[in-house]
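J.: Attaching a single structure in structure tokens format; questions to follow.
In the numbering used here, the protein residues as written are 6 to 938.
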């Protein structure tokens, strides 16, 4: 048993099925968010796809999946797009879906209008179109709906309806044990009751120039010409009989796609030749194809028992995927003498180039293959074990001292080859028509994965971790005296070096540099370096093909440059296939020209082929698929797409989704958007098909989105205009009310200011009047003061006059007293006249009269003084008051004595007594006190 298993493994290693298949995109139920099974597929005018799924109607627009539950939440069995309606059939119900203004679908039931005629437990498995009629087929009957009148007609065969078909201008159906029928004038007409058609279920019917081509489920294909049924022979008749054909589709190019229950999908040419057999082991998600549909881009969609697959039948890219792991990662490939050689990490394999035969492992090459090089009608293999010369399906080792990276011919000597090894560079020589190892070049022991040799025997080596070296070899190619290490350009991860158009180029993440043969310095090539500037750097690998094109790889594109026929400028070509989809080994990318326009590109799980002449793509259209808005922290709400949007000020968070309905596996659509009123410039290109704007200010906005497909900007731009209203407090009415309020406020403020200023004016006037009054009072006071001063002066004058008068009176009295004394000295009675004179004198010097005169004058000069002093000191006698008056006149004791007709001493005694009566303190002067009263 163990021997048999070893033999089986060896057989798998020696032979590997090697057909190349179109790309397959796999969509699992987790991706599209619905049931595993899809029973029927259709497409609308916008290239949107619709699937009759276990969970309902499934819509796919190329970017997003949307599930619409069936009206009775049952399995959707059929779907058909007719015009702008999507007709569907389910359990005991059928109808159509139309698109609402917000982009979502709305269901309208047709069966509800004839609900009483629907059979119990009836399901509708197919929908057909013929002119103005739509046919809904169950396993019991066919319901014919007239779209113009809305009327129904029912065809109810006795033995039910197995399946129905609509090839071109006819409607056919098969009934159990009766054969094939055609509907004419609303009635069933037998077309053929051939025993084969009564025995085997028909999967599909196609028209030919001669008649009908009938695909049965278990007995292959037949031609029906008039009443004669003959077998249509195919390459897979035996497989079809055991596989159970459940679905089939005639493709636009005339080929046939047959979906089976257990053996995947067979694609046959119109002559019945097998083109592809796609199964789970060859890329499909599942071997059971419940439904098949070819879209407008000739992609074949398969509704499988466990998911949905899209097969890019017209893609210029075809892939070979090694799911077994026998082949491994492809590092090198070559075409040599009609054979295609594939070098992998598992060894070297080959097969005839123009065939789908199996790859055969070449014995002795087990291990890592680094390169394949055809030179002088010899195929060299650079291997981890050394160097092999390959002839047909055998390999001969010619060097095993070290692993070999690559090979380069020696200028001017066709019998010599340089090979880059793990530990330097060595020389191969052709001796007696056989290539043999000659010598290792001494003086340089670094790994030489990338190297080139100039016509002057200067060897340039790129080392990923040490940079670029320049070696000067001697004429015998035996040694290098020394080598020069370049400081610029720098070393870099995944850097490489190659020769193109007789010039040596070096590439790393800092750009691509060209060697100046004169200065022997590397100078930056702006044209080639632009690749890494415009797209993210992934690898500096440079590859020159047989037609002198130089190939480069970046994150999102494959680039190749070719020499222009009219100038020395390089012409750039871009293939929009990203590295993430091709599964390439970064830094080990490899591409080989296997024919004029076909290239083979190695991947981690096989390889894919690319026809650069077929890289033409149709001009698609970008659509805005749905728009949602919401208030802050509230759920999203769909809004109308076709009409101009109008939202409140709080509805200022908007999300827009857009798409280009295309379904190519290797090409990603990129989008660029602009929101006028919010942005000034277009956004950066991105594969993201949605954008969200939050907290937009009130205003009018125009959203624009455009797309780039296969590096070409599509012609149309999708546009959506919307307005976010101002909040109520910023509306025109509110502004008008604010204006009126401002006017009123301005009026009242103005009035208040006027009143204020009027009051201020009045207050100012009042203050001014008051100031004037005060000024007048001050003036009056000043005048009064002047008057008082004048009066005081007058009083002083009068006092002086009074004093003078008093002194004069005193002098008069003294004079009269002297005269009296002199007259009294005469003898008494001498003369009568003398007595008369004495008597007269006595009358004139009467003290009482003098005091009365003085008092009257004093009262006039100093009113109420005597009263005041009397009130203060009630005990004062008249003489005391008289003394006070004299003292107020500031008379001295000497001056007062004659007025009292007493001595000065007596006046002092009077003054002393007066102090006593007034009870004055010792320190208070009598005169000062009297003057202050």
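Even for Gly, the Cβ is constructed at its ideal location relative to N, Cα and C.
Between the alpha carbons of residue 277 and residue 240, how many angstroms are there, rounded?
T.: Taking the first residue of the chain shown as 1, we reach residue 277 at position 272. Taking the first residue of the chain shown as 1, we reach residue 240 at position 235. Their Cα atoms are separated by approximately 6 Å.
J.: Could you check whether the region 284-297 touches the region 629-645, counting it as contact only if at least three pairs of C-beta atoms, one from each stretch, sit closer than 8 Å?
T.: No, they do not touch.
J.: Can you give me the Cβ contacts of residue 299 inside the same chain, cut-off strictly under 6 Å, excluding the 5 residues immediately before and after it?
T.: Counting from 1 along the chain shown, the entry for residue 299 is found at position 294. Closer than 6 Å at the Cβ level, and outside the excluded window around residue 299, lie 254, 256 and 305.
J.: From 531, 627 and 288, pick the residue whose C-alpha is nearest to that of residue 714; which is it?
T.: One-based indexing of the chain shown puts residue 714 at position 709. Shortest Cα-Cα distance from residue 714 to any of 531, 627 and 288 involves 627.
J.: Pick out whichever of 485, 577 and 582 has its Cα sitting closest to the Cα of residue 563.
T.: Residue mapping note: residue 563 aligns to position 558 of the chain shown, counting from 1. Of 485, 577 and 582, the smallest CA-CA separation from residue 563 is found for 582.
J.: Let's see if you can read the secondary structure: which residues bound the beta strand (DSSP E) around residue 961?
T.: Nothing can be reported for residue 961, as the shown portion of the chain is limited to 6 through 938.
J.: For residue 336, which residues of its own chain have a beta-carbon under 8 Å away from its beta-carbon, when the five flanking residues on both sides are left out?
T.: Start at 1 with the first residue of the chain shown, and residue 336 comes out as number 331. So the list reads 348, 349, 350, 373, 374, 375, 376, 590, 593, 595 and 607, once near-sequence residues are dropped.
J.: Using 10 angstroms around the beta-carbon of residue 769, count the other beta-carbons present and answer buried if the total reaches 16, otherwise exposed.
T.: Locating residue 769 in the chain shown gives position 764, counting from the first residue. Answer is exposed; the Cβ neighbour count stays below 16.
J.: By how many angstroms is the C-alpha of residue 137 removed from the C-alpha of residue 225?
T.: On the chain shown, residue 225 is found 220 positions in, with the first residue counted as 1. On the chain shown, residue 137 is found 132 positions in, with the first residue counted as 1. Using only the alpha carbons, I get a separation of about 34 Å.
J.: On the DSSP letters alone, give me the boundaries of the alpha helix (DSSP H) that residue 876 sits inside.
T.: Against the chain shown, residue 876 aligns to sequence position 871. That run of the alpha helix (DSSP H) goes 870-877.
J.: In three-state DSSP terms, what is residue 187?
T.: Within the chain shown, residue 187 is the residue found at index 182, counting from 1. Look at residue 187 here: in three-state DSSP terms it is strand.
J.: Rounding to the nearest angstrom, what Cα-Cα distance links residue 121 and residue 98 in this structure?
T.: Translated into the one-based positions of the chain shown, residue 121 becomes position 116. Translated into the one-based positions of the chain shown, residue 98 becomes position 93. So the alpha carbons of these two residues sit roughly 12 Å apart.
J.: How long is the line joining the alpha carbons of residue 109 and residue 668, rounded to whole angstroms?
T.: The count along the chain shown starts at 1 and reaches residue 109 at position 104. The count along the chain shown starts at 1 and reaches residue 668 at position 663. Cα to Cα, the separation comes out at about 21 Å.
J.: If you drop the 5 nearest sequence neighbours on each side, which residues of the same chain put their C-beta closer than 7 Å to that of residue 560?
T.: Walking along the chain shown from the start, residue 560 turns up at place 555. So the qualifying residues of the chain are 540, 541, 543, 583 and 584.
J.: Going by DSSP, what residues sit across from residue 792 in a beta bridge?
T.: Translated into the one-based positions of the chain shown, residue 792 becomes position 787. DSSP, once it has assigned bridges, lists no residue as partnering residue 792.
J.: Run the CB neighbour count on residue 290, radius 10 Å, all protein chains shown included, and call it buried at 16 or more, exposed below.
T.: On the chain shown, position 285 is the one that residue 290 refers to. Looking at its Cβ environment, which holds 16 or more other Cβ atoms inside 10 Å, residue 290 is buried.
J.: What three-state label does DSSP hand residue 536 in the structure shown?
T.: As a first step, residue 536 is located in the chain shown; it is residue number 531 there, counting from the start. Helix, per DSSP.
J.: Our contact map puts residue 662 next to residue 631 with C-beta atoms below 8 Å; I'd like the distance itself, whole angstroms only.
T.: Here residue 662 refers to the residue found at position 657 of the chain shown. Here residue 631 refers to the residue found at position 626 of the chain shown. That belief holds up - the Cβ atoms of residue 662 and residue 631 are roughly 5 Å apart, short of 8 Å.
J.: Shortest alpha-carbon distance to residue 362 belongs to which of 918, 893, 827 and 24?
T.: Against the chain shown, residue 362 aligns to sequence position 357. Of the candidates 918, 893, 827 and 24, the one whose C-alpha sits nearest the C-alpha of residue 362 is 24.
J.: Give the C-beta separation of residue 943 and residue 91 to the nearest angstrom, bearing in mind that I take them to be a contact with Cβ-Cβ under 8 Å.
T.: Residue numbering for the chain in the displayed model covers 6 to 938; residue 943 lies beyond these limits and cannot be assessed.
J.: Is it true that the CB of residue 81 sits closer than 9 Å to the CB of residue 940?
T.: No information on residue 940 is available, as it lies outside the stretch 6 to 938 that the chain covers here.
J.: Can you tell me the Cα-Cα spacing of residue 666 and residue 151, whole angstroms?
T.: Taking the chain shown and counting its residues from 1, one reaches residue 666 at position 661. Taking the chain shown and counting its residues from 1, one reaches residue 151 at position 146. Each residue's alpha carbon lies about 31 Å from the other.
J.: Looking only at its chain, what residues have a beta carbon closer than 6 Å to the beta carbon of residue 655, apart from the 5 residues adjacent to it on each side?
T.: Numbered from 1 along the chain shown, position 650 holds the residue referred to as residue 655. Once the five neighbours on either side are set aside, the close Cβ partners of residue 655 are 636.
J.: So which of 888, 217 and 573 has the shortest CA-CA distance to residue 912?
T.: Taking the first residue of the chain shown as position 1, residue 912 is located at position 907. In this structure, 888 is the residue among 888, 217 and 573 with its C-alpha nearest to the C-alpha of residue 912.
J.: For residue 28, is the classification buried or exposed, using 16 other Cβ atoms within 10 angstroms of its Cβ as the cut-off for buried?
T.: In the chain shown, the residue the question calls residue 28 occupies position 23. Classification of residue 28: buried, given that the 10 Å Cβ count is 16 or more.
J.: Pairs of beta-carbons, one from the region 339-346 and one from the region 612-627, closer than 8 Å: are there three or more?
T.: No: fewer than three Cβ pairs fall under 8 Å.
J.: Give me the DSSP bridge partner(s) of residue 123.
T.: Stepping through the chain shown from its first residue, residue 123 is reached at position 118. Beta-bridge pairing links residue 123 to no other residue.
J.: Would DSSP call residue 6 helix, strand or coil?
T.: By one-based count along the chain shown, residue 6 stands at place 1. Residue placement at residue 6 cannot be trusted, given a pLDDT of 40 that sits under 50; what the coordinates show is reported in the next sentence. Here residue 6 sits in coil by DSSP.
J.: Starting from the Cα of residue 456, find the closest Cα among 479, 422 and 483 and give me that residue.
T.: In the chain shown, counting from the first residue as 1, residue 456 sits at position 451. Per the Cα distances, 422.
J.: When DSSP labels each residue in this structure, what does residue 151 get in the three-state scheme?
T.: Translated into the one-based positions of the chain shown, residue 151 becomes position 146. Strand.
J.: Hey, residue 445 and residue 429: beta-carbon distance below 9 Å or not?
T.: Walking along the chain shown from the start, residue 445 turns up at place 440. Walking along the chain shown from the start, residue 429 turns up at place 424. Contact flag set, yes.
J.: What are the complete alpha helix (DSSP H) segments, minimum 4 residues, inside the region 561-626?
T.: 584-587
J.: Would you mind stating whether residue 502 and residue 473 have Cβ atoms separated by less than 9 Å?
T.: Indexing the chain shown from 1 puts residue 502 at position 497. Indexing the chain shown from 1 puts residue 473 at position 468. The answer is yes: Cβ separation under 9 Å.
J.: Using three-state DSSP, classify residue 777 as helix, strand or coil.
T.: Counting from one through the chain shown, the residue named residue 777 turns up at place 772. Looking at residue 777 - three-state DSSP - the assignment turns out to be helix.
J.: Within the continuous alpha helix (DSSP H) that includes residue 241, where are the two ends?
T.: In the chain shown, the residue the question calls residue 241 occupies position 236. Note, residue 241: premise wrong, no alpha helix (DSSP H); not H, not E.
J.: Does the Cβ of residue 738 have 16 or more other Cβ atoms within 10 Å, making it buried, or fewer, making it exposed?
T.: To locate residue 738, count along the chain shown from 1; it is residue 733. The residue in question, residue 738, is exposed, as its Cβ has fewer than 16 Cβ neighbours within 10 Å.
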